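At position 65 of the sequence shown (counting the first as 1) the number is 333 in this note's numbering, and the numbers step up by one without a gap.
Right, one structure below, let's go through it.
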Amino acid sequence: MTKTWTRNDIIEQIQIEMGISISDSSKIFEEIIEEVLLSLEEGNDVKISNFGTFSVKKKKSRIGRNPKTGVEKEITARNVISFYPSKSMKIKIS
């Protein structure tokens with residue numbers, strides 16, 4: 269079974285690769301995530317070369333059905349984050 273990478277795993281890898289302290293690695297990681305989130309909140313797409321594109325999609329409200337009870341209920345409109353991998357990432361994974 270493969271391991272799921274966590275936030276701490278990524279911070280540790282930054283620390284190892286760049287030869288800096290864990291606290292500095294954490295600050296770098298947190299700043300990157302914060303900038304991505306701020307850009308998405310403003311309605312902008314975030315494209316990272318050779319990785320992929322994050323974008324916000326608006327979903328309309330619709331009627332859904334509880335599969336257990338069959339009761340219909342309105343699913344409210346909402347925004348969701350979508351990720352589209354780059355061509356180079358798709359090639360590496362396949």
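Note that CB positions come from ideal geometry on N, CA and C, so glycine has one too.
Just so we're clear, the structure is a prediction, and the values are computed from it rather than from any experiment.
Check	Outcome
Run through DSSP, which three-state label would Lys271 get?	coil
In the DSSP assignment, find the unbroken beta strand (DSSP E) run with Ser293 in it and report its ends.	Ser293 -> not in any beta strand (DSSP E); alpha helix (DSSP H) instead, spanning 290-309.
Pull up the DSSP beta-bridge partners for Ile349, would you.	Val324
Whole angstroms are fine: how far does the CA of Glu285 sit from the CA of Ser293?	10 Å
How many Å lie between Arg333 and Gly287 at the Cα?	53 Å
Val314 bridges to which residues according to DSSP?	Phe322
Leaving out the 5 sequence neighbours to the left and right, which residues in its chain are closer than 6 Å to Tyr352 when beta-carbon positions are compared?	Gly320, Thr321
In terms of residue numbering, what span does the alpha helix (DSSP H) encompassing Lys355 cover?	355-361
So which of Ser356, Ile349, Ser354 has the shortest CA-CA distance to Leu306?	Ile349
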